[in-house]
Amino acid sequence: MIIWGLRTVMVQLGVAWLVCPNCRNHCAQVYREHQRKFTLFFIPLFTTSRTTVRQCSMCGASYRVGPDELRWAAAQAVGTAYPPRVG
Ligand SMILES: [Zn+2]
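Under the working numbering, residues 92 to 178 are what the sequence shown spells out, in order.
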């Protein structure tokens, strides 16, 4: 019997201080990459898809973002402790 499946792994890319589109507060926005992994016998073998998500630390609202916004957020966060990593 072969046991296979999919698992989502979240990788934190960084934090930028921006205005949240939902709650309108200027607060930390956490950028994460959700990596969908194919597993065989519970061992992740390769990534099948990647999605970048921005989550507000104040209200918890999350949004899917593209590479352009990630680059923009990284540029806004230059000089901060943990700017989002691009690419
Ligand atoms: Zn918010």
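Backbone N, C-alpha and C define an ideal beta-carbon position, used for all residues, glycine too.
Contact between L131 and T143 is absent: CB atoms are separated by about 26 Å, not below the 8 Å threshold. Here the stretch 102-109 makes no contact with the stretch 133-140; the two share fewer than three CB pairs at distances below 8 Å.
An exposed status is given to P112, since fewer than 16 other beta-carbon atoms sit within 10 Å of its beta-carbon. With fewer than 16 other CB atoms across the displayed protein chains lying within 10 angstroms of its CB, C114 is exposed. If you draw a straight line from the Cα of R176 to the Cα of A168, it is about 10 Å long. Distance from the CA of Y173 to the CA of A152, rounded to the nearest whole angstrom, comes to 20 Å. A distance below 6 Å between beta-carbons, with the five flanking residues on each side excluded, links W95 to the following residues of its chain, in chain order: L131.
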